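Take a look at the structure set out below.
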Amino acid sequence: MRKLTIHIVLLAIILTSSACVQHTETRLSQIGDKLTDLPSSWQDIPVVLIDSKTDLEFEIRSSGNRLIKTRTDWYRVNRRNPNYMENVERYEVNSYEKLVEIKARAYYPDNSSWTLQPQDIRRRKIPLSNLVIHRFDIPGYDPGVLIMVQTRHRIFHPEFTGMFLFGDDHPALSRTIALSYPVEADLKFGIENGQDLTINESTITQNGTHTHKYHSKMVTDRWPRSKSPFPEQYYSALHVSFPPSGSRSYTWQELGNHYLDLSKQAFALSEPIKLLGKQIQNTASGDIVDHAFDTIVKKIRYQGDWDGRYAFFPRDASTILQHGYGDCKEISTILKATLASNHIPSSLALVSTRNYFQPIEAYPHLDGFNHTILAQKLGNAPYRFLDGTWSWAHAGNSYYHLIGRTAFVLEKDRSVLVTIAPDKDFKNEITTRSTIFQNPSDGLWKCHGRIDLVGKPALRFYSQLNWRDTLDNDAFAKTFLLNNLGVDASAITLVELSSQRVMIDYISLFQESYLSLGNGGFKLSVPNLYKQEIHTGLTDKRGPVQLSRFRQTDQWEFSFPASLSEPDTFDMPFARCTWNTETESVKRTYRQNSIVIPSDDFQLKKWNASHKALVKARAWNQEGK
Amino acid sequence: MRSLVAAVCLCTLLLISCVDEKTPVPIEQTAAPVQLNRFGKYGAVYEYDEYRINPRFSPDEGCSTFFHINQKLHILTQRGVKYGTLSLPYQQGVLMSADIKVIDKTGDEQQIDPLPIKKKYKRSRKIIIPRVEPGCQILIRLTFRDESPLFNFEHFFNKDIPVINARFLLAGDADLKYIHKTYGNVTGSKIRSGADSGFEASCSNLLPVQGFGFPEADIHYSMWFNKQSPRVVARLKRLNFRHMKLFKAHGWEELAKVTRESFMSPSIFSSISRIEALTSDVIKNAKTEFEKADRILAHVQNNYTLESIGNLAGFTMNTDRVLNKKRGNQIEICVILKQMLIAAGFSPRVYATRPNADGGFDPEFPSWFNLVYDFVVVKIDGKDHVGYFYIPGLQLGEYPFYLAGEKALDIDTGTIVDMPPAPFDNAVYSSTVHLPLDSPDHLGDWQFNYGNHLGVLLRSDMVQQSKVTLKERFKRVLDNYDEQLELVSAALENGNRGEAIEVKVGFKYHDFETRHTKRTHFSLKPFFKKYLTDFEKYTRQSYTNPVDFTIRETVVIDRNGYPEVKVNFASQNIYNSLFDAEFEQVIDENTITLKRRLTLKKANLAPGDIHAFKDSIHELNRISESHIIASR
């Protein structure tokens, strides 16, 4: 009997392995066939994905739902240098998944092959993080080598994943994403096709499982995401809302409750927090929220420890206080707790910072959020947002860098997605005044100027100044003026310096703007328009461009009656520039509205090309020197 | 009489040694009153920063070394709180004790629980101090124990923030024998404390170091240290590590011998014939000796992946393994290159050195620290050429500027040699702008020519970073110069091995022309102007420029339709020890040619020294503006 069992097992092994070999050979032959589709323009790209497939198998379980994600990539090496795929790295986010299997093979032009052995995988956990890196090397990495890498992840918190991109670091000839789930499941999912890929969809139902397959060809490589402030609006992806339990996708409200349930211990009020709250109350001279913000920012420094669950859930407020440091969600948590001890309600809000992928409203999931701030709502007024990691801000302007981003405000039974908008006190203004005079000693034209940064530019100046450890205030101010307004100051006086307002007096040479034509005149090109608000880097962009509400007023004063020759009218739906002339001065007023606009919009392109021409204004001397 | 003389001599010697050795005073007691305000801009300052090393040896228990860190840190402002997380200069082994006190601005003192500190250090190798706020002082005493053999070490005194008093001590029992050397303004003396003796090295008022980058080619290189950076280097002698030749080597000849025999000899199992076959294939059809050697170098650069050198203690060379895996550490790849050159009939030698930025190569103090980069030197037609395999794209003879002028150890002979002359010892960037005056849209052509070191670096950068397009790269370059320039096109020419790189950029100039009745005013800002204004930041920092950097600009303007032209400046030159600037204008019948040349010279300036050049910089800025008045 035992002998028979052994024989059956052996036979099964032989049959299975021969089937595997046959399958691999068939697959290899299919991949080989696809190589003929490789366009000539891709042949110099160091590595190309010949075929890439992501299989998502959703399982409903009473102990908590699971997602099995299997990704199989076939790479072809075209060029050895740079050696992008020679050292393969695969990540495991251990707070919500386990990388259960890695397979890799290499097929060489001489028909030999290599198979990854488990002992060749080097596993390393990144300190203070929830990331484990699995690394291995591909031997014989040379042009013509085909590499197959397959990873299988068991995801035990499927709500933390939900966005599956078609694009990869390498361009793909063929890309497939397949989603399988039990027929009783009611999932929200769909394709957001910002790249306008041709995506073929097929659906089959078999053995109680629905399988949706999405296939696309010739998918270009993913651009570094920093090129686009809203990458989720450009890159094509499958979005799925996997519920952590049950068979139906959660709503944002339910997802909020779920997150709060998992982190509720963090918000409990302890004696030390109550004491801190009382201290804040006793020492506050104005708004208690402002004072609490200042106190927490000074007391709790930013220092992340994202080990295990703390990548997603905060430690409790009293532990954070005891440590004296924390990451974004922990700083927000202690701020929330101290406000709560003063009976001021507030909520944590998950957000994704500029240039990172944001979730899409139709598919509730927690994938993509990388930052936490605090949201405060008073009656029917819009939310007020506070970012305690912005150390150099005050409570009122700490959220400026997140304007336009989507925040997921976490409130029991009322969690909601909100776009962070400027509040009524939002300011983004620059006012300059330039008095032009001729230096009696050397006859050179000079400028005595004042630059007043109010609101957002002041915060930028102040933050950058404080982050730069090695530059003194005057040197930094000179560099800032030169880089952002084209002002090359020789002497600087910082008249006012805070995160809300920065006022700088300066002296600079104006000789380079002097025009020795007729009675003489000046190019009004300095100060230029503030680079941070008008410099979009448009040619690099994929996806929409975001412009902020901004106003800049520049006034030039002369010692003679001036007439103005100004550039063509500058009047667009979202930006306008006007010129005014008084007896001895010229004033330029530039206004820009807040807008999110596709980067290929013709109005945007026109604006981008023509704002450079604003510096073509000239002031002419009517009297002669 | 003879014994009397001997006794007197002995007494004298004892007396000298007593005078020579002093008992170290605790650094806490040596500190002078500190005026903290002047360091406000840095956010934090070390009142004192002391490292003490106590190596212990025992024939039975082997080696163990105790590292003691003793610091007092003042957190002055909010920007300094980040220094509450300590990055330690080197791995010290196991953290044995952590005695940390935080004194807040009211004077309240908190003793920090060492257990969480130790736990976190174990996971992160960082000392993360809790409850750090502006105005607080932190007293830190850490002790680490390391059981790996200690044989030599180097300690740099500079930190990210200023250090008012810095000290380094090495002390041990009678078995401790060492040699050491100090650099920069570090003072040293022998010490004795109980049964232990050793030395201390100290210095004061250290400011952070600032590097200098050239945005021109989008290649940034920083120089953090140089030969005179305050530091101490020490090497222990008389150790009993029988099996570790690495630790026993003293003197250049021994270091070279150990390197040669223990690390660089191909294993007897390795197949030399395989290297010979490979070499024969690589140099097939090469016409000259130079071409042969360069092909071999290119093969090694393009086909072998450089890995970290790791621990050399158990290292054995196996060329077959490197050939099979096509990867290896610098020693392994250096041996492959050397063996291939031998197979091609050359007689290559291996040199090793250290760049100035890491402290330089000190021929007077033999130590492993000086042997950072190994590379091959091959003589062709009586001239030495460096085979620098670390950076793909570098031709035979080319190597990075930061090694130029250094001394090196010839591993094959054990002698100190000069680095073979680099094909160039400066960086050159030149551009030619072509602008027709009658162009309605002011479209211009701009030809960048990256020569010498910049050419070498840009070429290798282009080879390695294929994901950044030329257009993106040059859009950034144009933006760096002037907001008014708009990129229209960019195309790369040449850039092959050994060639200078040329990039042709088409652009539109938005602030070029002003018309007034019959006359028109054209203005051209100099493209290099940014450098000179950026110098401002060195008023509080030291300024280091490691290489002569020359920028040449030629602007050729077609006079089409403008018979009368006037240019606002005459040919003029400025020369000083920081830079040379030359301006020249040539006006002929059809064109106006403006030539500007700026050479930033090699320099090491202390903070504030740049002030002496302020007037020259302003003069340069003023005269380098080019204005043309033209009339039809």
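Taken in sequence, the protein lines are chains V and P.
For the first sequence, our numbering assigns the number 24 to the initial residue and increments by one for each residue that follows.
For the second sequence, our numbering assigns the number 331 to the initial residue and increments by one for each residue that follows.
From the three backbone atoms N, C-alpha and C, an ideal C-beta is built for every residue, glycine too.
Small disclaimer: the values here were computed from a predicted structure and weren't measured.
Taking the C-beta atoms as reference points, V/L547 is found no nearer than 8 Å to V/S522. In the structure shown, the three-state DSSP call for P/E949 is helix. The Cβ atoms of V/L196 and V/L51 do not sit closer than 8 Å to each other. From the beta-carbon of V/E109, the residues of chain P found nearer than 7 Å are T635. The beta carbon of V/L517 does not come within 8 Å of any beta carbon belonging to chain P, so the residue lies off that interface. Assignment of P/V364 by DSSP, reduced to helix, strand and coil, places it in the coil class. Residue environment: P/G727 is assigned as buried (16 or more neighbouring CB atoms within 10 Å of its CB, all protein chains considered). When secondary structure is reduced to three states using DSSP, V/W413 falls in the coil class, being assigned neither helix nor strand. Around the Cβ of V/K554, a 10 Å sphere holds fewer than 16 other Cβ atoms; the residue is exposed. Between P/D841 and chain V, the shortest Cβ-Cβ separation is below 8 Å. From the beta-carbon of P/S454, the residues of chain V found nearer than 7 Å are P150 and L151. For the pair of segments examined, the region 497-508 of chain P was found to touch the region 523-540 of chain P: the number of CB pairs separated by less than 8 Å reaches three. A contact between stretches requires three or more CB pairs, one per stretch, nearer than 8 Å, and the region 617-625 of chain V fails this requirement with the region 636-648 of chain V. The contact set of V/Q66 on chain P, defined by CB atoms closer than 7 Å, is empty, because the minimum CB distance reaches about 13 Å. Residue pairing of P/Y381 in beta bridges, as defined by DSSP: P/I399 and P/F498.
Put simply, the backbone Cα of P/Y892 is about 13 Å away from that of P/R845. Non-local C-beta neighbours of V/I161 in its own chain, meaning closer than 6 Å and more than five positions away in sequence, comprise E109, A129 and I170, ordered along the chain. Within the model, the alpha-carbon separation for V/P266 versus V/G213 is close to 15 Å.
In terms of beta-carbon proximity, P/G828 stays away from the interface with chain V, with every pair separated by 8 Å or more. Residue-level contact check: V/V638 touches chain P, since one or more beta carbons of chain P fall below 8 Å from its beta carbon.
In the structure shown, P/I442 adopts coil according to DSSP, grouped into three states. Taking every protein chain shown into account, the CB of V/A291 has fewer than 16 other CB atoms within 10 angstroms, so this residue is exposed.
A direct Cα-to-Cα measurement between P/K587 and P/M594 gives close to 10 Å. Those residues of the region 529-556 of chain V placed with their C-beta closer than 9 Å to a C-beta in chain P are L532, Q534, E535, S536, Y537, L538, S539, L540, G541, G544, K546, S548, N551, L552 and K554, ordered along the chain. P/N615 and P/A673 have their C-alpha atoms roughly 16 Å apart. Excluding residues up to 5 positions away in sequence, I741 lie with their Cβ nearer than 6 Å to the Cβ of P/R590 in the same chain.
Taking a C-beta distance under 8 Å as the contact criterion, V/I68 and V/N104 do not qualify as a contact pair. In terms of beta-carbon proximity, P/Q441 stays away from the interface with chain V, with every pair separated by 8 Å or more. The C-beta separation of V/L504 from V/I527 comes to about 7 Å, placing the pair in contact by the 8 Å criterion. Taking a Cβ-Cβ cut-off of 7 Å, the neighbours of V/R641 in chain P comprise T844, given in sequence order. V/I354 is classed as buried because its beta carbon has at least 16 other beta carbons within 10 Å across all chains shown. For P/V411, the chain V residues whose Cβ falls inside 7 Å of its Cβ are R324, in order along the chain. Between the beta-carbon of P/F778 and that of P/V833 there is about 4 Å, and that keeps the pair under the 8 Å contact cut. Counting along the chain, no beta strand (DSSP E) covers P/R604; the unbroken alpha helix (DSSP H) around it starts and ends at I602 to V612. In the three-state reduction of the DSSP assignment, P/E583 falls in the helix class, which pools H, G and I.
At the C-beta level, P/V411 and P/P464 come within 8 Å of one another.
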